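There are 2 protein chains.
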Amino acid sequence: MSDFSIRPVGRVESTLITRADAPRQGDEGAPDAWIVFEEEVRDALADLEVGDAIILISWLDQADRDVLAVRPRDDDTRPVTGVFSTRSPDRPNPLGLHRATVLAVDGLRIQVDNLEAIDGTPIIDVKPVLGDVDER
Amino acid sequence: MSDFSIRPVGRVESTLITRADAPRQGDEGAPDAWIVFEEEVRDALADLEVGDAIILISWLDQADRDVLAVRPRDDDTRPVTGVFSTRSPDRPNPLGLHRATVLAVDGLRIQVDNLEAIDGTPIIDVKPVLGDVDER
């Protein structure tokens with residue numbers, strides 16, 4: 065099968081600087097952060113509003129794409145596990161899913177809460193949370 | 065910003081053949097389907113088990129990537145909306161999020177329920193549902 069090309073639509077601005085700083089999930093103490101979008105997707109984000117529940121999809125560009133199985137962090141007793149059964153950032157296509165709420169909108173910048181992605185992480189898509197699909 | 069290259073890890077085998085056949089979300093009458101994975105990711109899927117709640121991420125290869133705003137299907141009264149506030153497949157990076165349950169595991173093939181992606185759709189990642197993050 066052929067490869068596909070992904071172009072980032074924005075980038076994270078965060079106080080989280082290194083992978084070691086980042087909590088594993090957004091509910092484990094991650095800070096508010098800004099997403100700075102590219103001018104060419106201005107029309108795509110025109111309807112994002114404060115209070116919107118969104119899913120940010122990131123490209124974890126510091127990940128190791130050759131990793132297929134991992135031992136869970138902080139738990140040496142668990143066996144090595146295939147990455148499709150984990151949220152490890154190290155995986156063949158290192159996509160991150162981040163559920164967040166829009167805190168502020170300022171032109172091409174939006175502020176969100178609880179984002180565990182580190183500063184500079186590319187954002188590749190934004191979707192609204194669908195209550196009846198994503199929250200069940 | 066530079067582009068990134070995504071390599072499909074598998075492909076959908078489904079009775080849904082065209083985009084017009086596909087429901088908009090997996091709870092709107094989508095069929096069970098199989099995912100056929102590539103040999104090189106065998107170790108990544110080794111721990112998927114019947115009953116697992118997973119998120120499949122697809123690459124909607126029939127989408128129009130130049131679309132930034134859409135009028136919702138089946139509702140002409142709604143205004144044109146920026147795609148980051150919709151689940152339209154037409155968007156700059158046409159990623160699909162599909163929540164499903166594993167029904168069967170057979171080597172490199174897994175069967176899932178309620179998959180609205182059409183036959184042949186590339187799958188680019190699989191993640192476990194995290195109850196406390198994804199279901200809130």
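Taken in order, these protein sequences are the chains called A and B. Residue 147 in my numbering is what sits at position 83 of the first sequence, and the numbering runs on without skipping anything. Residue 119 in my numbering is what sits at position 55 of the second sequence, and the numbering runs on without skipping anything. Positions of the beta carbon are idealized from the N, C-alpha and C atoms, including for glycine. Keep in mind that this is a model prediction, so the values were computed, not measured.
For this session: Could you confirm whether any beta carbon from chain A is found closer than 7 Å to the beta carbon of Val190(B)?
Result: Interface residue, yes.
For this session: My understanding is that Thr165(A) touches Asp177(A), with C-beta atoms under 8 Å, so please give their C-beta distance in whole angstroms.
Result: In this structure, Thr165(A) and Asp177(A) form a Cβ contact; the two beta carbons are roughly 5 Å apart against a cut-off of 8 Å.
Exercise. Considering only residues of the same chain and omitting the five flanking positions on each side of Asp189(B), which have a CB-CB separation below 6 Å?
Worked result: Excluding residues within five positions, the ones whose Cβ falls inside 6 Å are Ile121.
For this session: Give the DSSP-derived three-state secondary structure of Arg151(A) in the structure shown.
Result: Of the three classes helix, strand and coil, the one that applies to Arg151(A) here is coil, per DSSP.
For this session: Indicate whether at least one CB of chain B lies closer than 7 Å to the CB of Ala156(A).
Result: In the sequence as displayed, the identity of residue 156(A) is Pro instead of Ala. Taking a beta-carbon distance threshold of 7 Å, Pro156(A) counts as an interface residue toward chain B.
Exercise. Quick one, are the C-beta atoms of Gly146(B) and Ala168(A) less than 7 Å apart?
Worked result: Annotated as distal: Gly146(B) and Ala168(A), with beta-carbon spacing of 7 Å or more.
For this session: State the beta-bridge partners of Ala164(A) as determined by DSSP.
Result: Answer by DSSP bridge pairing, in chain order: Ile118(A).
For this session: Taking all protein chains shown into account, decide if Asp103(B) is buried (16 or more other Cβ within 10 angstroms of its Cβ) or exposed.
Result: The residue you asked about is not Asp; residue 103(B) is Glu in the sequence shown. The residue in question, Glu103(B), is exposed, as its Cβ has fewer than 16 Cβ neighbours within 10 Å.
Problem set entry | Residue(s) in a DSSP beta bridge with Thr145(B) | Thr145(B) has Val134(B) as its beta-bridge partners, per DSSP.
Exercise. With 16 as the cutoff for other CB atoms within 10 Å, does Val144(B) come out buried or exposed?
Worked result: It is exposed - the Cβ of Val144(B) has fewer than 16 other Cβ atoms within 10 Å.
For this session: Could you say which of Pro192(A), Ile187(A), Leu194(A), Leu179(A) lies nearest to Asp96(A) if we only look at CA atoms?
Result: Closest in alpha carbon position to Asp96(A), among Pro192(A), Ile187(A), Leu194(A), Leu179(A), is Leu179(A).
Exercise. Quick one: what's Gln175(A) bridged to in DSSP?
Worked result: Bridge partners of Gln175(A): Trp98(A), Ala168(A).
Exercise. Run through DSSP, which three-state label would Arg106(A) get?
Worked result: Of the three classes helix, strand and coil, the one that applies to Arg106(A) here is helix, per DSSP.
Exercise. Between Pro156(A), Ala127(A), Arg106(A), which lies nearest to Ala84(A) when the distance is taken from Cα to Cα?
Worked result: Selection Pro156(A), Ala127(A), Arg106(A) evaluated against Ala84(A) yields Ala127(A) as nearest (Cα-Cα).
Problem set entry | For Arg71(B), three-class secondary structure by DSSP | Reduced to three states, the DSSP call for Arg71(B) is coil.
Problem set entry | Cβ-Cβ distance between Glu77(B) and Val100(B) below 7 Å | Yes, these two residues count as a Cβ contact at 7 Å.
Exercise. What is the C-beta distance between Arg155(B) and Val131(B), in whole angstroms, given that I count them as a contact (C-beta under 8 Å)?
Worked result: With a Cβ gap of about 6 Å, Arg155(B) and Val131(B) count as contacting.
For this session: Go to Ile188(A), then tell me how far its beta strand (DSSP E) extends in each direction, as first and last residue.
Result: Its beta strand (DSSP E) spans residues 186-192.
Exercise. Hey, Arg71(A) and Asp67(B): beta-carbon distance below 7 Å or not?
Worked result: Annotated as proximal: Arg71(A) and Asp67(B), with beta-carbon spacing under 7 Å.
Exercise. If you measure from the beta carbon of Asp128(A) to each beta carbon in chain B, is any gap under 7 Å?
Worked result: So no, Asp128(A) is outside the interface.
For this session: Could you tell me which of Thr82(B), Leu124(B), Asp140(B) sits nearest to Arg151(B), measuring between CA atoms?
Result: Taking only the C-alpha atoms, the option nearest Arg151(B) is Leu124(B).
For this session: Assign Ile182(B) to one of two classes, buried (16 or more other C-beta atoms within 10 Å of its C-beta) or exposed (fewer than that).
Result: Under this definition Ile182(B) is a buried residue.
For this session: Work out the CA separation of Ser149(A) and Gly171(B) for me, nearest whole Å.
Result: Pairing Gly171(B) with Ser149(A), the inter-Cα distance amounts to about 15 Å.
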